[in-house]
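S.K.:
Number of protein chains: 2
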Amino acid sequence: MFEAFWRETGDAAEIVIPGWQTMSYFSDVTNVCWFLEPGFDHEVRRLHRLVGNAAVDGYHVLVGTGSTQLFMAALYALSPPGADEPMSVVSTAPYYSSYPAVTDFLQSGLFKWAGDANAFNGDTYIELVCSPNNPDGSIREAVLASETGKAVHDLAYYWPQYTPITRRADHDIMLFTVSKSTGHAGTRIGWALVKDRGIAQKMTKFIELNTIGVSKDSQLRAAKVLKAVSDGYELAAEGKQGHHHHRLFDFGRRKMVERWSMLREAAAASGIFSLPEETSDYCNFTKEMAATNPAFAWLRCDREDVEDCASFLRTHKILTRSGSQFGADPRYVRVSMLDRDEAYDIFIKRLASLK
Amino acid sequence: MFEAFWRETGDAAEIVIPGWQTMSYFSDVTNVCWFLEPGFDHEVRRLHRLVGNAAVDGYHVLVGTGSTQLFMAALYALSPPGADEPMSVVSTAPYYSSYPAVTDFLQSGLFKWAGDANAFNGDTYIELVCSPNNPDGSIREAVLASETGKAVHDLAYYWPQYTPITRRADHDIMLFTVSKSTGHAGTRIGWALVKDRGIAQKMTKFIELNTIGVSKDSQLRAAKVLKAVSDGYELAAEGKQGHHHHRLFDFGRRKMVERWSMLREAAAASGIFSLPEETSDYCNFTKEMAATNPAFAWLRCDREDVEDCASFLRTHKILTRSGSQFGADPRYVRVSMLDRDEAYDIFIKRLASLK
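Protein chains in written order, with full-length UniProt numbering: chain A, 1 to 355; chain B, 1 to 355.
(1) Can you check whether the CB of B:Pro160 is closer than 7 angstroms to the CB of B:Phe249?
(2) Quick check on the DSSP output: the beta strand (DSSP E) that includes A:Val56 runs from which residue to which?
(3) Distance check for B:Trp260 and B:Asp345, CA to CA, integer angstroms please.
(4) Who are the Cβ neighbours of A:Asp136 in its own chain at under 7 angstroms, not counting the five residues just before and after it?
(5) With three or more beta-carbon pairs closer than 8 angstroms as the criterion, would you say the segment 163-177 of chain A touches the segment 44-55 of chain A?
(6) For A:Thr30 and B:Met262, I'd like the C-alpha separation in whole angstroms.
(7) With 16 as the cutoff for other CB atoms within 10 Å, does B:Asp341 come out buried or exposed?
(8) Cutting at 6 angstroms between CB atoms, please list the residues of its own chain near A:Ala119, excluding the five before and the five after it.
(9) Using the beta-carbon of each residue, which ones in chain A are nearer than 7 angstroms to B:Gly66?
(10) Can you name the residues that DSSP bridges to A:Ser274?
(11) Once the 5 residues before and after B:Asp329 are set aside, which same chain residues still bring their CB inside 7 angstroms of it?
(12) Taking only beta carbons into account, state which residues of the segment 2-17 of chain A come closer than 9 angstroms to chain B, listed in chain order.
(13) Output yes if chain A places a C-beta closer than 7 angstroms to the C-beta of B:Gly242; else output no.
(14) Going straight from the alpha carbon of A:Phe273 to that of A:Arg331, what length do you get?
(15) Can you tell me whether A:Phe5 is buried or exposed, with buried defined as 16 or more other CB within 10 angstroms of its CB?
(16) If you draw a straight line from the C-alpha of B:Thr204 to the C-alpha of B:Glu307, how long is it?
(17) Please name the residue, chosen from B:Val214, B:Gln69, B:Ala77, B:Ser218, that lies closest to B:Ser98 on a Cα-to-Cα basis.
(18) At a Cβ threshold of 7 angstroms, is B:Ser24 touching chain A?
(19) Taking the alpha carbon of B:Arg221 as the point to measure from, which residue in A:Val44, A:Lys195, A:Thr187, A:Ser311 has its own alpha carbon closest?
(20) With A:Val44 and A:Leu226 assumed to form a contact (beta carbons below 8 angstroms), what rounded beta-carbon distance in angstroms separates them?
(21) What span of residues does the beta strand (DSSP E) with A:Ser146 cover, start to end?
(22) With DSSP collapsed to three states, give me the class of A:Leu75.
(23) Taking Cβ-Cβ distances shorter than 8 angstroms, what residues in chain A pair up with B:Asp69?
(24) Can you name, in chain order, every residue of its own chain whose Cβ lies under 6 angstroms from the Cβ of B:Pro38, other than the five neighbours on each side?
(25) Please report the Cβ distance between B:Phe296 and B:Met337, rounded to the nearest whole angstrom; I am assuming they are in contact, meaning their Cβ atoms lie under 8 angstroms.
(26) Please report the Cβ distance between A:Ser230 and A:Arg46, rounded to the nearest whole angstrom; I am assuming they are in contact, meaning their Cβ atoms lie under 8 angstroms.
(27) Using the rule of at least 16 other Cβ atoms within 10 Å of the residue's Cβ for burial, across every protein chain shown, is B:Arg140 buried or exposed?
(28) Between B:Thr292, B:Glu288, B:Ala13, which has its C-alpha nearest B:Tyr158's C-alpha?
(29) Might you give, ordered along the chain, the residues of its own chain that have their beta carbon closer than 7 angstroms to the beta carbon of A:Ala13, omitting 5 neighbours on each side?
(30) Taking the alpha helix (DSSP H) that A:Lys355 falls in, what are its first and last residues?
(31) Just reading off the alpha helix (DSSP H) that B:Val225 is part of, what are its end residues?
(32) What are the residues in the segment 187-207 of chain B lying within 7 angstroms of chain A by C-beta distance?
(33) Could you check whether the Cβ of B:Ala114 sits closer than 7 angstroms to any Cβ belonging to chain A?
(34) As a quick exercise: from A:Cys283, A:Arg334, A:Thr315, A:Ile207, pick the residue whose alpha carbon is nearest that of A:Arg300.
(35) Determine the closest residue to B:Asn134 out of B:Phe347, B:Pro294, B:Thr163, B:Phe111, with distance taken between C-alpha atoms.
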């Protein structure tokens with residue numbers, strides 16, 4: 001979806017890497033995260049300050065091969081090695097389907113998936129809080145609280161194209177990714193903002209053991225892309241002349257508003273689908289009221305005879321992910337709102353035609 | 001060490017990535033490894049055919065975030081999920097210090113480190129065969145054999161700058177990395193050649209769960225770098241005019257011969273260090289006899305009063321990794337032979353001065 005935007009920006013987000021550059025494993029041996037490119041660190045902090053979605057002062061920035069690797073790193077860092085039992089990992093349903101899969105695929109003795117946070121009994125746990133939530137777009141807070149419990153905040157979708165920015169988040173561990181903020185999924189770059197130095201060191205150790213650091217090329221590219229986003233707002237604000245300023249979040253918001261409007265119309269036309277209610281709030285970044293426009297639609301099929309919405313849609317050539325994969329009712333499915341225009345248009349036409 | 005070479009190659013190994021390129025998670029959905037860039041696949045196969053160090057016909061090429069991720073992927077793929085006991089992972093000592101660390105850091109129920117292959121009793125295991133071996137440069141074959149045992153061949157150093165190419169390796173799973181072949185450690189790109197489709201699928205699944213694929217930017221860069229290496233030989237052989245042809249393996253071999261000669265002189269001058277004997281063989285790639293020039297020196301301190309060589313060297317400002325980390329005698333240390341010229345020269349001077 002963002003490709004059209006980046007085609008317009010010309011060389012502002014282009015990188016050139018000569019054959020001899022960034023050949024070393026190391027970026028800055030004085031940093032806790034010794035494989036973090038300083039330029040990427042700088043642009044991450046700059047963008048958060050511009051958008052106001054997360055605190056960066058007093059935080060360590062860590063880079064990962066996508067935010068999935070940082071999610072695993074956080075589980076590793078928050079699970080003491082000598083415990084009698086693996087640490088319980090929970091999240092309120094419906095939860096991102098990768099959380100249980102990624103937590104359990106290596107059958108770690110350090111941590112294990114323990115399901116819906118609302119059904120959890122105990123004081124020791126890691127609660128995953130995804131806000132806005134994948135798959136249903138809801139704004140979330142931790143539901144558990146204890147002295148020994150920890151939370152990891154997955155804020156991949158906490159950007160102005162998806163939701164009003166209502167506060168500067170300042171949780172202990174916050175995860176972000178260029179995949180959702182700028183659309184560059186292929187670069188596989190995520191970052192974590194981490195308050196505690198010891199946790200930051202353990203997360204860094206995980207990435208050292210898992211992949212001995214993170215692609216320098218992608219860090220350089222991500223830095224350039226984030227710079228282009230910030231420049232689009234800050235240079236324009238300074239009234240810099242000579243070239244057109246491209247504003248990613250404005251572009252993204254326009255697209256999302258348009259797509260959500262198409263989807264709500266199609267669902268209404270069909271008469272058999274319902275969607276989460278639209279909510280809105282004042283956005284501190286845009287300085288105006290804005291509606292939530294989640295990156296995924298959490299679609300419910302209301303037809304009495306359809307118990308498995310994903311199968312029903314599949315027979316009509318619409319591919320979605322079943323609610324059952326998110327710990328929820330299979331009458332629900334998750335639909336991506338970030339596909340290419342052509343694919344999205346076909347999806348809307350097919351959906352509207354169903355009865 | 002290779003940086004000087006790549007500074008000479010000009011734009012042959014340079015890449016330019018526009019802001020809109022390779023934004024998707026996907027590279028080729030028809031491939032087992034759906035996140036593998038076809039251009040990288042092509043250049044990997046081309047280079048192996050040129051060098052003759054590994055068979056590629058009938059193999060799947062998989063890409064990983066360095067070969068470490070592919071090593072973990074192989075453990076995952078070769079360890080059945082329903083087993084009573086975790087799979088035993090072994091390697092002949094001295095073995096690469098990361099093998100036990102990477103195998104055990106998540107305390108997986110699927111696999112666990114079981115030490116020196118020569119001391120292992122049992123029929124079910126994964127044997128890691130590193131050849132030429134890290135840390136001692138020896139040429140290795142699997143020492144265990146059983147119906148249910150599996151081997152993973154880590155051939156990171158099986159390139160003409162380090163060793164004569166004596167045969168086209170055709171093992172079930174072979175691991176390589178640009179870090180050691182071309183010197184581009186910072187790109188974090190490794191690849192596996194895998195015979196069995198089912199194993200290739202499981203390894204791909206591991207990378208999907210761990211990092212949802214591998215940086216496209218680094219794959220594009222690695223493809224360009226490997227292409228420059230192959231072009232350096234093939235275009236020259238075709239007598240292409242108009243520009244100078246740079247030959248990576250010739251450059252690497254000259255450097256390694258020079259460094260090993262310096263090291264052997266320094267060890268002899270000190271009188272208290274010994275090194276593995278130099279061996280040589282006919283190299284099918286260069287079509288001449290060639291000595292082994294390992295990427296690491298496995299240095300033994302012969303002084304009676306020194307039981308811990310790494311500590312002894314540290315007091316003389318030489319940083320090495322102790323033999324004990326490789327499952328071996330602490331009278332040994334591993335020294336990197338691939339450092340920058342300045343650092344290597346200082347090491348040699350300090351070593352020669354010890355008595």
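All C-beta atoms, glycine included, are put in the ideal place defined by N, C-alpha and C.
M.R.: Looking at the coordinates:
(1) yes
(2) Unbroken run through A:Val56: none, as it is neither H nor E.
(3) 12 angstroms
(4) Pro94, Pro276, Trp298
(5) yes
(6) 32 angstroms
(7) exposed
(8) none
(9) Thr211, Ile212
(10) A:Arg300
(11) Gly323
(12) Phe2, Glu3, Ala4, Phe5, Trp6, Arg7, Glu8, Thr9, Gly10, Asp11, Ala12, Ala13, Glu14, Ile15, Val16, Ile17
(13) Low confidence applies here, because B:Gly242 scores a pLDDT of 49, under 50, leaving its location unreliable and the question unanswered by this model.
(14) 10 angstroms
(15) buried
(16) 45 angstroms
(17) B:Gln69
(18) yes
(19) A:Thr187
(20) 7 angstroms
(21) Note, A:Ser146: premise wrong, no beta strand (DSSP E); not H, not E.
(22) helix
(23) Before going further, note that residue 69 of chain B is Gln rather than Asp in the sequence given. Result: Asn210, Thr211.
(24) Asp28
(25) 6 angstroms
(26) 5 angstroms
(27) buried
(28) B:Thr292
(29) Trp6, Lys224, Val225, Ala228
(30) Looking at the DSSP string, A:Lys355 is not in any alpha helix (DSSP H), and its letter there is neither H nor E.
(31) 216-237
(32) Thr187, Arg188
(33) no
(34) A:Arg334
(35) B:Pro294
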